[in-house]
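The structure appears right after this line, and notes come after that.
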Amino acid sequence: MSPAIKVLFVCVANSARSLLGEALLRHTDQRFEAFSAGSEPSEVDPRTTQALEAVGVDATGLRSKSISEFQADRFDYVITLCDKSASECLPMPSAGEVIAWDFPDPVTSVDPGAFRHTLHDIHERIKLFVLVKTKHQEDL
Numbered sequence: 196m197s198p199a200i201k202v203l204f205v206c207v208a209n210s211a212r213s214l215l216g217e218a219l220l221r222h223t224d225q226r227f228e229a230f231s232a233g234s235e236p237s238e239v240d241p242r243t244t245q246a247l248e249a250v251g252v253d254a255t256g257l258r259s260k261s262i263s264e265f266q267a268d269r270f271d272y273v274i275t276l277c278d279k280s281a282s283e284c285l286p287m288p289s290a291g292e293v294i295a296w297d298f299p300d301p302v303t304s305v306d307p308g309a310f311r312h313t314l315h316d317i318h319e320r321i322k323l324f325v326l327v328k329t330k331h332q333e334d335l
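For the sequence shown, counting from 1, position 25 maps to 220 in the working numbering; every step adds exactly one.
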């Protein structure tokens, strides 16, 4: 069996989007080892864990972490989840590929369904990412 594909999701606060990415990727495909971090970590927004639990995704152990915790690590992919983190979260840990995604922050949204929508949108992107990257791995 080949080693896990290491992915780091990065956002500014590491309170919602990057944590959703971490939990969703772990849930979606066991070939990936998912982590998340922020340039200005705060705390996990309780609506993040509520949104995950509502769709049956394990949120156990999720915590807000600083990107500095991962500076010595090597990742196959570093995925930024907002334009601010893409431009401000440098220097990033070593990565084979840096991918920039941009999703609105559900924490600051007035939409009562913001977390559910963000979870859905990130999950759709992750499913496509897994499909493309595992197909690529199989072709190697």
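Glycine residues also receive a C-beta, built at the ideal position from the N, C-alpha and C atoms. Bear in mind that the values here come from a model prediction, so they are computed numbers and not experimental data.
Assignment of Arg258 by DSSP, reduced to helix, strand and coil, places it in the coil class.
Contact between Phe298 and Asp316 holds: CB atoms are separated by about 6 Å, below the 8 Å threshold.
Under the rule that a run must span 3 or more residues, the beta strand (DSSP E) segments found entirely inside the segment 199–247 read 200–206 and 227–233.
Judged by DSSP secondary structure, Glu292 falls within the beta strand (DSSP E) whose first and last residues are Ser289 to Ala295.
By the CB criterion at 8 Å, Leu203 and Phe230 fall inside the cutoff. Per DSSP, reduced to three states, the secondary structure at Asp271 is strand. Within the model, the alpha-carbon separation for Arg226 versus Pro198 is close to 8 Å. Burial is judged here by how many other beta carbons sit within 10 angstroms of a residue's own beta carbon; Pro288 has at least 16 and is buried.
The DSSP-derived three-state label of Phe310 is helix.
Exclusion of the five residues before and after Arg212 leaves Cys206, Leu276 and Phe298 as the residues of its chain whose Cβ lies within less than 6 Å of its Cβ. Contact check for Pro241 against Lys260 fails: the beta carbons are separated by 8 Å or more.
Residues of the same chain with a CB within less than 7 Å of the CB of Phe265, apart from the 5 flanking positions on each side, are Leu203, Phe230, Ala232 and Pro288 in chain order. Non-local beta-carbon contacts of His222 in its own chain, meaning distances under 6 Å to residues more than five positions away in sequence, involve Val252 in chain order.
Short of 8 Å from the beta carbon of His312, and not among the five residues preceding or following it, lie these beta carbons of its own chain, in chain order: Pro301 and Asp306.
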